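Before any comments, here is the structure.
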Amino acid sequence: MFRNYCKIAFRNLIKSKFTSSINIGGLAISLAGFIIILLYVNHELSYDRWDPNLQSVYRISSQEEGSYDNKNVPVLTAQLLQEHVTDIAVYTHVQPSGNYEVLIGAGDNKVYQKDVVMADSSFLQVFPYKLLAGNRTTAFNQPNSALITPALGRKLFGNTDPIGKMIMVYNKVPFTVTGVLEVPDIPSHLHTALILRDPFMGQVTGWGNISYTTYVRLRKPAAVSALESKINTAFYDHHLKTGSQSYEAYLKSGHHPSLMAEPIADIHNFPRFGKSPFKTTMILLSLAGLLLLSGALNSGNLMLVKTLRRAREVGVRKIMGSARHQVVTQFLLEVAFQCLLSLALALLLCLALLPAFNRMFDLSLSLFRLFSYNMLLQCGAALLAIILISGLYPALMFARQQAAAMLKGAFKPGAGGKRFSHSLIVLQFTVSVFFIVSVQVMAHQMDFMKHRDIGFNPQQVIQVEAGQRTREENFEGTRVKLLDIPGVELVSKTTSVPGSVMDTSHVGFHYEGNSLSLTSVRVSTDFFRTLSILVLKGRTFMDSHPEDLDNTAIINETAAKRLGIKDPVGSLIRFAACDSVPYQIVGVVKDFQVVGFDSYIAPTLYSISNAHCTYMSGGSLLLKVRTANLEKTIAAIGRLWETVEPGIPLRYSFLDDNFQRLFNDYNRLQHIVHVFTLVSILISIMGLLALTVYMTEQRVKEIGIRKVLGASVSSIVGLLSKDFLILVIISISIASPIAWYLLEYWLRDFAYRTDVSWYLFAMAGAGTLLIAFATVGLQSLKAAGANPVASLKMD
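Heads up: the sequence shown runs through residues 514 to 1308, numbered per the working numbering.
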């Protein structure tokens, strides 16, 4: 019986080439998009689950009073907690470079490498990395040890064994390779291309050292709330407590816990502070789900069209003794057969499209992940849903019909079948309208961000990465040499480069008896001139004012508002850590964007000297250059750099390019939505076209009679198009409020955003109506133009 079902399914597939091609093609495109996004979602959800022991690893961070803040705890915190919280087995301190590239050399081979991690000797006791070479127990015992990945090892040493070989960091600090890391297939929030035993960690051990991120491994996994209660109690009792007040009384008096713990598996997708990529992940999954739904609805409509043409076949089957369940099985098997063909075609599309998706998101997704248990289960559930949406209702509708009526060709789908078909069209076009509106809103937001005044002029400004010695002791000498190069107009430095993810410090200040937190940035005299930042009140730093070196500061507009006075120029502000030495505010500058428009401009204080209370390093040099003979200018800078930092290649980028990279995530999302929109519209058009063909075939005699009685072609086209256009209008009415709500929710991520205007919905609706009318109208025009005599002669 099953073999017979398969033969009939194959014959019907060949017989209905047009509708089958549309069905399989549309479903394949939807499935391909869904599978790729499903691979991406599973990749994102797999972070830090590459070893069961990671369930006991937590990151410890500090928080300011009343708010969570991305602050490292002092290095002594972990030791204190281990001594007084028995749950903690071991701790480690790490300092990852992230995307910042560090110069690594081995002999004549030199590479700039990101994801370099500085760590202490207990790193491998907390993070359960395996080694391909070297002794895991002793690999990190000695100072200046290095654990290297196979990829970086091949860059530096070729195919030779790297164990025991020497590498140099910035041509200065030597490390010995003692192990080769086995890189997990599953991603981690802590990217590790090279792990170095930090030779400087023991030099600064006071409570003021917050340069490292702290991780602890518990003896067994624990609830976050229970762990935070224990560590905060210990931290208060043995560090914060100054009198006899208990920790419970401390909290009741209005204070907040000082420490927080995060399971390592939650850090990437569900961080307690900072931004999470999980919202974008869920947006992509929702859009892929909508696209798949559109394909399934299209398949259901087309299946209904095909089954309506097979009324006599079903009647013969029932006369010959077929039971209802056999009719249902036959139809569902045909749907399943077409879904499997669509799946095979979708996998081929995935093979073609996945490399482009990987390049767009800087990933290495593979179709081999489809064979994991989760992916097979998810894809199986999706296919089952498609089969039920596409085939169950048409199969049940035919199974319950009387055989005699079907053999006479008198079968009509009835009100239920018509409602089902129309509902599918409404849902399909609802999805399409949603996509069209989303594309327009995203495009408006991107255009808004790219053309909004960012508060400074990034054009003709070059960011040059420089070592600490160049930025500090040798800055003035380097600045003079750079200004001697034709084409270089201004040279400055900053610890916070606009458009780059730089480490800036949020520091406590005292101002007129009040405490407040400001972002503290170290700059040089010409910083504001280099970026053409407007001074609103007072003045900028000047060489003619020697007091600017140590005792003056400039704040931005937001900081001035935070201070609460109209004109703060001339007033004094102090670091909370050393409030006996004040800064005098000499100027207020216009707010300008340092990061993207998804973040509000932070209240910021700018100063020059590192001798004043706190020390800050990092950052880059900024060079304002002329565009004329730019290549010669950059070449001259490169030649000079060989004398400024011998052996370290010049690393530079243009500031406007850096700033545009902040939009990459949103650009990627916008591109994917564009593709999904085009596919959704295409699927809707194909389904509507197939249904229009069937409906006009059913009304051929009616059209002939109307033409004989004098009806015009335009009136017949209007008659055939009217019902479909009403359905599209209903779709627009449903999609518009849903799209408005969801897009408003998406725009909440942006501190500076555009409005969701009514005319975007009007344009989307008009465009959808035009597409639908063109699809239905062309087929209706063809039917209306047919010879009525031939139509009336048809059986």
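Glycine included, each C-beta is placed from N, C-alpha and C at the ideal position. Predicted model, so just to flag it, every value in this text is computed and none were measured.
Thr727 vs Asn585 beta-carbon contact at 8 Å:
The answer is yes: Cβ separation under 8 Å.
In whole angstroms, give me the CA-to-CA distance for Lys1103 and Leu552.
Looking at the two C-alpha atoms, the distance is approximately 45 Å.
If you run the structure through DSSP and keep just helix, strand and coil, what is Tyr560?
Residue state, collapsed to three classes: coil.
Ser738, enclosing alpha helix (DSSP H) - first and last residue
Looking at the DSSP string, the run of the alpha helix (DSSP H) that includes Ser738 is Val737 to Phe748.
Residue range of the alpha helix (DSSP H) that Arg730 falls in?
Membership of Arg730 in any alpha helix (DSSP H) is not indicated; the residue belongs instead to the beta strand (DSSP E) covering Thr726 to Leu731.
Roughly how many angstroms lie between the CA atoms of Leu1255 and Phe948, to the nearest whole one?
Here the alpha carbons of Phe948 and Leu1255 stand approximately 12 Å from one another.
Could you tell me whether the Cβ atoms of Val615 and Val598 are closer together than 8 Å?
No, Cβ-Cβ distance for Val615 and Val598 is not below 8 Å.
Starting from Met714, follow the alpha helix (DSSP H) in both directions and report where the run begins and ends.
Where Met714 is concerned, there is no enclosing alpha helix (DSSP H), given that its DSSP letter is neither H nor E.
Rounded to whole angstroms, what is the Cα-Cα separation between Met962 and His606?
Looking at the two C-alpha atoms, the distance is approximately 38 Å.
Figure out for me which residue from Asp1169, Val729 and Val686 has the closest Cα to the Cα of Leu637.
Residue Val729 is the option with its Cα nearest to Leu637.
Smallest Cα separation from Ser1084: which of His1058, Ile1114 and Lys1050?
Residue Lys1050 is the option with its Cα nearest to Ser1084.
To which residues does DSSP link Glu775 through a beta bridge?
Its beta-bridge partners are Arg572.
Mind checking whether Arg572 and Ile902 have CB atoms under 8 Å apart?
No; because the gap between Cβ atoms is not below 8 Å, this pair is not in contact.
How is Phe1022 classed by DSSP in three states: helix, strand or coil?
Correct three-state label for Phe1022: strand.
Measuring straight from C-alpha to C-alpha, what distance separates Ile505 and Ile548?
No answer is possible for residue 505: it lies beyond the span of the chain, which begins at 514 and ends at 1308.
Pairs of beta-carbons, one from the region 1270-1278 and one from the region 943-959, closer than 8 Å: are there three or more?
Segment contact: the region 1270-1278 against the region 943-959, three or more CB-CB distances shorter than 8 Å; contact assigned.
If you drop the 5 nearest sequence neighbours on each side, which residues of the same chain put their C-beta closer than 8 Å to that of Tyr1336?
Residue 1336 lies beyond the residue range present for the chain, which begins at 514 and ends at 1308; the question has no answer from this structure.
Are the CB atoms of Asp561 and His467 within a distance shorter than 8 Å?
The requested residue 467 is not part of the displayed model; the chain covers only 514 to 1308.
Is there contact here, the region 1057-1072 with the region 1165-1185, by at least three beta-carbon pairs under 8 Å?
No, because fewer than three Cβ pairs between the region 1057-1072 and the region 1165-1185 fall closer than 8 Å, the two stretches do not touch.
Let me confirm a value: Phe1105 is counted as buried when at least 16 other C-beta atoms fall within 10 Å, else exposed. Which label applies?
Within 10 angstroms of the beta-carbon of Phe1105 lie 16 or more other beta-carbons, which makes it buried.
Distance, Lys668 Cα to Asn622 Cα
Distance between the alpha carbons of Asn622 and Lys668 is about 8 Å.
Please return the same chain residues whose Cβ sits closer than 6 Å to the Cβ of Tyr1024, not counting the five positions on each side in sequence.
Here Tyr1024 has Leu1076 and Ile1086 as same chain residues with Cβ atoms under 6 Å from its own Cβ, once five neighbours each way along the sequence are excluded.
Considering only the beta carbon of each residue, do Glu557 and Asn782 sit closer than 8 Å?
The beta carbons of Glu557 and Asn782 sit closer together than 8 Å.
Helix, strand or coil, according to DSSP, for Lys460 in the structure here?
Because the chain in this structure spans residues 514 to 1308, residue 460 falls outside the shown range and cannot be described.
Helix, strand or coil for Pro656, going by three-state DSSP, please let me know.
In the three-state reduction of the DSSP assignment, Pro656 falls in the coil class.
Which of helix, strand or coil DSSP assigns to Pro609:
Here DSSP, grouped into helix, strand and coil, assigns Pro609 to strand.
Closest Cα partner of Lys685 within the set Gly618, Leu740 and Ser1122:
Cα-wise, what sits closest to Lys685 is Gly618.
Backbone CA spacing between Ser1013 and Asn1171 [nearest angstrom]:
If you take the alpha carbons of Ser1013 and Asn1171, they lie about 6 Å apart.
Is it buried or exposed for Ile1141, if we count other Cβ within 10 angstroms and need 16 for buried?
Note that residue 1141 is Ala in the sequence shown here, rather than Ile. It counts as exposed.
What span of residues does the alpha helix (DSSP H) with Gln1173 cover, start to end?
Where Gln1173 is concerned, the enclosing alpha helix (DSSP H) stretches over Leu1168 to Arg1174.
Tell whether a beta-carbon distance below 8 Å holds between Met631 and Asp698.
No, they are not a contact pair.
Paired residues, beta bridge with Pro770 - DSSP:
Answer is none; Pro770 lacks a bridge partner.
Using only the alpha-carbon positions, how far apart do Gln976 and Gly666 sit?
Gln976 and Gly666: Cα-Cα distance of roughly 30 Å.
Where Arg1318 falls: helix, strand or coil (DSSP)
Within the shown structure, residues of the chain are numbered from 514 to 1308, placing residue 1318 beyond reach of any answer.
For Pro609, count neighbouring C-beta atoms within 10 Å of its own C-beta (all shown protein chains included) and say buried if the count is 16 or more, exposed if not.
The residue is buried, with at least 16 neighbouring Cβ atoms inside 10 Å.
Touching by the beta-carbon criterion (3+ pairs, under 8 Å), the region 866-885 and the region 846-855:
These segments do not touch.
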